[in-house]
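To start, the structure itself, in structure tokens.
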Amino acid sequence: MSTPAMAGTAPSGAAAPGSSIRQLRWDDVQAQAAGIAAAIRTGGVPQTVVAVVRGGMVPTVLLAHQLGVRDVRVLEVTHTVDDSANAAKTTEPTVRNPASLGALDGLDVLVVDDVAGTGQALASAVRVVEQAGAARVRSAVLVVNEANWTGGKPPVETVTSIGETVRGWVVFPWEAPASAGAEGAS
């Protein structure tokens, strides 16, 4: 992995003082994607962008457009038992469709997710992409939730580009509102 770059850290739609939920707005997501794209561009535009589905689809599409990358692929990696706030984690992330990546031999690949909680799901996705033959693998997330981070190194040393770092639950604009039952991702 290359040297990480912080795309931006100033939350414009931050949760109220004392709250542990960060509600992102579309303009927050677009600003983070623009910052991440600029940071990634400094190291060269990747040939392929891989979305960690389901949450990584929206930021992947935004980044692919901003970077001018047409080769977009998906990889399903889950690490929670459901979508509820602070949902229990599975022992290890589950990768469901690694064959969907196809051949990545010799390619420069960017792996994208919406949020990195423990960092384990993103790390699993990066490993699968490396095993698929990518010559270079970088990673990007809109948000890192440091409250859940369990990686041996700090997020800025393992994730290539981070839109924002928080300590708490994150709700993205494409998710159902908390009042409707789904409370976001961490």
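In this text, residue positions in the sequence shown follow our numbering: the first is 11, and each later residue adds one. For every residue, glycine included, the Cβ atom is placed at its ideal position computed from N, Cα and C. If you're wondering where the values come from, they're calculated on a predicted model, not measured in any experiment.
Problem - Start-to-end residues for the alpha helix (DSSP H) that takes in valine 166 - result: Start and end: 165 to 168.
Practice task
Just mark glutamine 42 as buried or exposed, buried being the case when its beta carbon has 16 or more other beta carbons within 10 Å.
Solution key: It counts as buried.
Problem - Short Cβ contact (8 angstroms threshold) for valine 125 with valine 153 - result: The answer is yes: Cβ separation under 8 angstroms.
Practice task
Might you give, ordered along the chain, the residues of its own chain that have their beta carbon closer than 6 angstroms to the beta carbon of valine 7, omitting 5 neighbours on each side?
Solution key: This structure cannot settle anything about residue 7, because the visible part of the chain is limited to 11 through 196.
Practice task
Can you give me the start and stop residues for the alpha helix (DSSP H) that tryptophan 36 sits inside?
Solution key: DSSP places tryptophan 36 in the uninterrupted alpha helix (DSSP H) bounded by 36 to 51.
Handout entry: 8 angstroms Cβ cutoff met for valine 62 and valine 87
Key = Yes, Cβ-Cβ distance for valine 62 and valine 87 is below 8 angstroms.
Exercise for the section: With leucine 202 as the anchor, note down where its alpha helix (DSSP H) starts and where it stops. Expected result: Shown here, the chain extends from 11 to 196; a query on residue 202 therefore has no answer.
Handout entry: Bounding residues of the beta strand (DSSP E) (the contiguous stretch that carries valine 63)
Key = That run of the beta strand (DSSP E) goes 58 to 63.
Exercise for the section: Return yes when the Cβ of valine 119 is within less than 8 angstroms of the Cβ of valine 84, no when it is not. Expected result: No, the Cβ-Cβ distance between valine 84 and valine 119 is not below 8 angstroms.
Problem - Residues that leucine 120 bridges to, as DSSP identifies them - result: DSSP output for leucine 120 lists Val59, Arg148 as bridge partner(s).
Exercise for the section: Out of Val39, Gly112, Thr175, state which residue places its alpha-carbon closest to the alpha-carbon of alanine 142. Expected result: Checking every option, the nearest Cα to that of alanine 142 belongs to Gly112.
Problem - For valine 59 and valine 105, believed in contact at Cβ under 8 angstroms, the rounded distance - result: Between the beta-carbon of valine 105 and that of valine 59 there is about 18 angstroms, and that puts the pair past the 8 angstroms contact cut.
Practice task
Look at the alpha carbon of glutamate 102 and the alpha carbon of glycine 45, and state the distance between them as a whole number of angstroms.
Solution key: Each residue's Cα considered, the two are about 31 angstroms apart.
Exercise for the section: Starting from the C-beta of tryptophan 159, find all residues in its chain whose C-beta is less than 7 angstroms away, skip the five residues before and the five after it, and write them out in chain order. Expected result: For tryptophan 159, where only same-chain residues beyond five positions count, the Cβ hits under 7 angstroms are Thr128, Gly129, Pro165.
Practice task
Let me know the secondary structure DSSP gives leucine 85 once reduced to three states.
Solution key: Leucine 85 falls in the strand class under three-state DSSP.
Handout entry: Paired residues, beta bridge with valine 125 - DSSP
Key = In DSSP, valine 125 forms a bridge with Val153.
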